[in-house]
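For the sequence shown, full-length UniProt numbering begins at 1 and goes up steadily by one.
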Amino acid sequence: MKTRKIAIDGVASSGKSTIGKILAERLNYEFIDSGFLYRLATLIALEKDLKKGEYSLAVTDFNVDIKDGKIFLDGDEVPLTKLRDKNIDALVSPVSEDSTVREVITKELQRISEEKNVVMVGRDIGSVVLPDAFLKIFLTATLEERASRRFKELILQGVNTTFEEVYENLKMRDIIDSSRSVAPLTIPKDAYVIDTTNLKIDEVITLIMEFIRGKE
Ligand code: C5P
1 MKTRKIAIDG VASSGKSTIG KILAERLNYE FIDSGFLYRL ATLIALEKDL
51 KKGEYSLAVT DFNVDIKDGK IFLDGDEVPL TKLRDKNIDA LVSPVSEDST
101 VREVITKELQ RISEEKNVVM VGRDIGSVVL PDAFLKIFLT ATLEERASRR
151 FKELILQGVN TTFEEVYENL KMRDIIDSSR SVAPLTIPKD AYVIDTTNLK
201 IDEVITLIME FIRGKE
């Protein structure tokens, strides 16, 4: 079966997951947040106490699956809250720079997208993982706005943090994600770029639905 793929890329906390999830529900597609697989590899790296240069060991026998928004490792569900932990935020970009980690996760994402229609969000979906996607979207927003959104989200989850800490983490991740040598965050040539700084969620969804209709 030829499946339909929608790729949403963008900087950290630009609204990719929120938008992607709503869009997937509207279209009745599977929502795949690729960031969670990089976060899972990072969790394994932390648990195995891996150092720089050893991160590829985190994805040896990486038996993962994503179903109905849930992540499974060796058949067991991994709570998403565990993957959103601050320690993972701090290490996920360095782990994601490892070329073996990227290769293994890219193959898993491609396998999943061959099985069902997907809305997939990440950093390199339109450029590397699904270059033949039906529609490519790239989301941006100012660093201040993104830090403020992420800070509110963390506070609501009861996480003990400060605006400055969140701001600095996003800034650091933007730099590493955009400048790494393997699959850096870039805007695919054929992507629609949406700046979400001053847009409400439903305004972004309406825009994307219009792009989809325009392509049908
Ligand atoms: O999207 P999220 O912020 O959860 O992603 C966490 C990290 O995973 C990013 O900062 C980036 O380093 C990495 N990532 C990536 N490629 C993707 C998705 C995420 O390198 N496709």
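Using N, Cα and C, we set each Cβ at its ideal position, and we do this for glycine too.
Heavy atom of ligand 1 within 7 Å of residue i beta-carbon
i           : result
Ser34       : yes
residue 219 : With the chain running from 1 to 216 in the structure shown, residue 219 is simply not present.
Gly75       : no
Ser96       : yes
Residues bridged to residue i [DSSP beta-bridge criterion]
i      : result
Ala7   : Met120 and Lys136
Ile32  : Met120
Tyr192 : Ile137
Val78  : Ile71
Val204 : DSSP output for Val204 lists no bridge partner at all.
Among the options, nearest to residue i - alpha-carbon criterion
i      : options                        : result
Arg102 : Tyr38, Ser14, Ile194 and Leu23 : Tyr38
Residue i - DSSP class collapsed to helix/strand/coil
i      : result
Lys86  : helix
Ile66  : strand
Glu216 : coil
Pro184 : coil
Pro131 : coil
Gly53  : coil
Lys48  : coil
Bounding residues of the alpha helix (DSSP H) (the contiguous stretch that carries residue i)
i      : result
Arg111 : Ser99 to Glu115
Asp174 : Phe163 to Ser179
Thr18  : Lys16 to Leu27
Lys152 : Leu143 to Leu156
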